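2 protein chains.
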Amino acid sequence: MTISWEPFQFFGGNTLDPLTNVLLELFLVFVAAQVGAEIAQRLKLPAVVGEITAGCLLGASVLGWIHINEPLEVLAEIGAVFLLFSVGLETRVDELKKVGRVATLVGISGVVLPFVLGTAWALYIGDDIPRSMFVGAAFVATSAGITARVLQDLGMLNRTESRVILGAAVIDDILAMLLLGLVTSLQAGSGVDLSNLFLVFIQAIGFIVVIALVGTRIMRRSSLLLERPINPLSPLTICLALCLGLAVAASYLGLAAIIGAFLAGMIAAETEQRETLIAQLRPIMAFLVPFFFVVTGAKINLAALGSVDVLLMLLVVTLLAIAGKFIGCSLAALSLGRKSAVIVGVGMVPRGEVGIIVAGLGLQAGIFSDTIYAIIIAMSLITSVITPPALGALFADTKSASSQVSAQEDGNK
Amino acid sequence: MTISWEPFQFFGGNTLDPLTNVLLELFLVFVAAQVGAEIAQRLKLPAVVGEITAGCLLGASVLGWIHINEPLEVLAEIGAVFLLFSVGLETRVDELKKVGRVATLVGISGVVLPFVLGTAWALYIGDDIPRSMFVGAAFVATSAGITARVLQDLGMLNRTESRVILGAAVIDDILAMLLLGLVTSLQAGSGVDLSNLFLVFIQAIGFIVVIALVGTRIMRRSSLLLERPINPLSPLTICLALCLGLAVAASYLGLAAIIGAFLAGMIAAETEQRETLIAQLRPIMAFLVPFFFVVTGAKINLAALGSVDVLLMLLVVTLLAIAGKFIGCSLAALSLGRKSAVIVGVGMVPRGEVGIIVAGLGLQAGIFSDTIYAIIIAMSLITSVITPPALGALFADTKSASSQVSAQEDGNK
């Protein structure tokens, strides 16, 4: 593909060279994301809500200012890959062990019930089993990012409930990745014989387990690779290369690229340079991740939501998504006491990046219709919007309630 | 353009979905850049030499592992834009005033002579005047980055000669941008009447002067925009938006996008957050700039260099480029004494990013043939490779020579 360059189509808006057009789109997307995020945050909503809304406004169904083309798709994909890399970077095997039994229970139970409800709903509206399980997978992942941000804003990061929520959200992410591997393999199997399907599935799960276990161990023992003297940015560039490499490897194995990126993040989290990496990744993400969310929003076909039937569907899906997480997680956290269990249940409700990414994969693969895609994105946004105020109210309500950890460590942070 | 997604073409290398193929190319480009840079730096060569060589190896004329497609072009363009943004960020109007008369003389004289020689050579081989001036423009810009790195490695940043070199390199960059604006306008004028050409030229120069003068003043007086409390990355994202916005604006005016990015950097350099911005930009550049250099290398058609005639041409061009800079700059620096003048002359020799970008623009615009493009890139590389050892030898030679500034401040750095 060659790109002609005519730099002299002076003020001739329609006849600009392709690169200028793409630059203009990048500029629009980036600015819209910043403005959307700023407005959302001033309204005390998660930034991602503003970015997706901005994308929806710029997209074909409202203003039509941007058209999803290959460069934008690729930037959005890189954004998603780095986003999941950073989620992986926040995931430490050791810390998972510390949060212990309750968080594990909450995480697992908070995956099973929404998955079952989501799958059941999709079966009910008439999808086949593999497609329905793909829908179920989009119901699963709690947004660790959104919840952590809210808990941080409330100054509640040291409470037992917060630790359980964050630990469970991480377990949640790992299970969501396994589940995504499972449903993509199942989806691959439609029309293929069962033994082949089994092989694909085993290879997918094997990839995840081997990389996660062996990779983290290798990294923990030898940080040699990362101690080169010449280039001060070497640890970062090596880890970015690892991230891209495992993303490609995951794609080759029929898994989503983001699964590889997530595993790369988990591996990188075991190095001594983890804090540096997190800090250096932040500016990169500040530039690239908005492309992912704006493109996500731009793909929403608002017309697909424009009927009473579909809005009712959205209502049902949102209620199922909330009920699944809330019931699953609060039941599993009952040992903390009823009030704490309620807080944990509410804290696990927001769906975020991972669910949105799964929805995007479903749309690209032709598994989701415009309607299902729009419903799942809208559901993710709604759960993200209602959780922060609910959590705030609950914490205000129980400020004097029992919380052993917070009593010990309240002054630390 | 829609992208089909078939995640299940398991191990079927040829039938992978487009996004996976692009991811694979990104991975190859990124890793090749890192390996190339690492090898170059271990050989005491500038990293950019390794990155361009890696690109040349990956490209069509050797391995053929990567094909320049639109996403790669866009990533390379973003890399070039941020590269020039960071060059602008290092350019402070105040510091330019400090370096004073000698640096200004060196900068101007170091632009005029190479430009004249380059243009004359192109006229001699048979190009018309506008094309020849485009060739001349590619002869002009000293790589402040490469020289600064060498001086830093030698621990010579405090010497008078070093200050003159760096100051002159900055003036050099500004003049190169003005010149690029001039030659693109002239190029635009081929076949257009003179009054229109004059209008385009005035608008281009007007844009540069207005943005540079007014923009920096506005920024210096009110950093209000950048003092928002909500998002700690706001200064960065606002400046990135400014960078993309001015890049697009420059494109619309018929200028190279990088001119707008450079101006955005100069404006951002006047804010209080300059140091933070430089630090935050580094990881972003570590990810994106390699794409620019690898794509630059991949576009080299080695076959175009494969004849004795062309190699002789390359020799002549390189000698002209070296002679133009060396004579122009050392003459202008004679007031520092003969030895210092020689050091300044040698230090200004390496051509780098800006010259390479101009060559890329020339290729895209169809102004440069494959041969001219390959010759200019090769010339830039050769001047960058020979300067560091030459500078090292010269400084070793004159270690006891007179240098007022170094005597005062030797202990500081």
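If you read the sequences in order, they're chains A and B. Reminder that position 4 of the first sequence reads as 3 in numbering that gives the first Met the number 0, one-by-one numbering, no gaps. Reminder that position 150 of the second sequence reads as 149 in numbering that gives the first Met the number 0, one-by-one numbering, no gaps. By construction, the Cβ of each residue, glycine as well, lies at the ideal position given by its N, Cα and C atoms. For clarity, every value in this text was computed on a predicted model and none was experimentally measured.
Asked	Found
Specify, as a first and last residue, the run of the alpha helix (DSSP H) that Asp-396 of chain B falls within.	369-396
Here's the rule: buried if 16 or more other CB atoms are within 10 angstroms of the residue's CB, otherwise exposed. What is Arg-216 of chain A?	exposed
Answer with buried or exposed for Thr-1 of chain B, where buried requires no fewer than 16 other C-beta atoms within 10 angstroms of its C-beta.	With a pLDDT of 35 at Thr-1 of chain B, under the threshold of 50, the modelled position of this residue cannot be trusted; read the value that follows with caution. The residue in question, Thr-1 of chain B, is exposed, as its Cβ has fewer than 16 Cβ neighbours within 10 Å.
Classify Ala-395 of chain A as buried or exposed, calling it buried when 16 or more other Cβ atoms lie within 10 Å of its own Cβ.	exposed
When we look at the beta-carbon of Glu-271 of chain A and count the other beta-carbons within 10 Å, is it buried (16 or more) or exposed?	exposed
Where does Thr-421 of chain B fall in DSSP's three states?	Past the boundaries of the shown model lies residue 421 of chain B; chain B is included only from 0 to 412, so the question cannot be answered.
Name the one or two DSSP bridge partners that Thr-141 of chain B has.	B:Arg-350
Looking at the structure shown, is Thr-19 of chain A part of a helix, part of a strand, or coil, going by DSSP?	helix
Taking Met-265 of chain B as the reference, give the member of B:Val-316, B:Gly-35, B:Tyr-372 and B:Leu-245 with the closest Cα.	B:Leu-245
So, for Ala-53 of chain A: in the same chain, excluding its five sequence neighbours on each side, which residues have a beta-carbon less than 7 Å away from its beta-carbon?	Ala-31, Ala-32, Val-34, Gly-35, Val-293 and Gly-296
I need the DSSP call for Lys-324 of chain B, collapsed to helix, strand or coil.	helix
Give me the Cα-Cα distance between Glu-24 of chain A and Ile-299 of chain B, rounded to the nearest whole angstrom.	29 Å
Taking only three categories from DSSP, how would you classify Lys-298 of chain A?	coil
With 7 Å as the C-beta to C-beta threshold (strictly closer), list the residues of the stretch 52-81 of chain A near chain C in chain order.	Of the protein chains in this structure, namely A and B, none is chain C.
Is the beta carbon of Gly-344 of chain B sitting closer than 8 Å to the one on Cys-328 of chain B?	yes
Anyone know if the C-beta pair for Glu-69 of chain A and Pro-289 of chain A falls short of 8 Å?	no
Cβ of Val-30 of chain B less than 8 Å from any chain A Cβ?	yes
Taking all protein chains shown into account, do 16 or more other C-beta atoms lie within 10 angstroms of the C-beta of Leu-104 of chain A, making it buried, or fewer, making it exposed?	buried
Pull up the distance between the alpha-carbon of Val-169 of chain B and that of Leu-360 of chain B, whole angstroms please.	21 Å
Helix, strand or coil for Met-265 of chain B per DSSP?	helix
Using the Cα positions of Pro-228 of chain A and Val-110 of chain B, report the straight-line distance between them to the nearest angstrom.	Note that Pro-228 of chain A scores 45 on pLDDT, short of 50, meaning its location in the model is unreliable; the coordinates nonetheless yield the value given after this. Cα-Cα distance, rounded: 36 Å.
For Leu-62 of chain A, I'd like the list of residues in its chain whose CB is within less than 8 Å of its CB, leaving aside the five on either flank, ordered along the chain.	Leu-56
Phe-367 of chain B and Ala-79 of chain B - do their beta-carbons sit closer together than 8 Å?	no
Is DSSP giving Gly-49 of chain B helix, strand or coil here?	helix
Where Leu-116 of chain A and Leu-362 of chain A are concerned, what is the direct C-alpha to C-alpha distance, given to the nearest angstrom?	20 Å
Please name the residue in A:Gly-214, A:Phe-261 and A:Ala-249 whose C-alpha comes closest to that of Asp-172 of chain A.	A:Phe-261
By how many angstroms is the C-alpha of Gly-125 of chain A removed from the C-alpha of Leu-311 of chain A?	16 Å
Please report the straight-line C-alpha distance between Gly-166 of chain A and Thr-159 of chain A, rounded to a whole angstrom.	11 Å
Return no unless some Cβ of chain A is closer than 8 Å to the Cβ of Gln-272 of chain B.	no
With distance defined between alpha-carbon atoms, name the residue in A:Leu-122, A:Ser-161, A:Ser-233 and A:Ala-332 nearest to Glu-37 of chain B.	A:Ser-233
Using beta carbons (cut-off 8 Å, strictly below), is Thr-19 of chain B in contact with chain A?	yes
Is the distance from the Cβ of Leu-252 of chain A to the Cβ of Phe-206 of chain A below 8 Å?	yes
Helix, strand or coil: how does DSSP classify Ala-119 of chain A here?	helix
Using a C-beta cutoff of 8 Å, does Ser-250 of chain A count as contacting chain B?	yes
Which residues in chain A sit within 8 Å of Ala-240 of chain B, going by Cβ to Cβ distance?	Phe-26, Phe-29, Val-30 and Gln-33
In this structure, how does DSSP classify Lys-338 of chain A when only helix, strand and coil are distinguished?	helix
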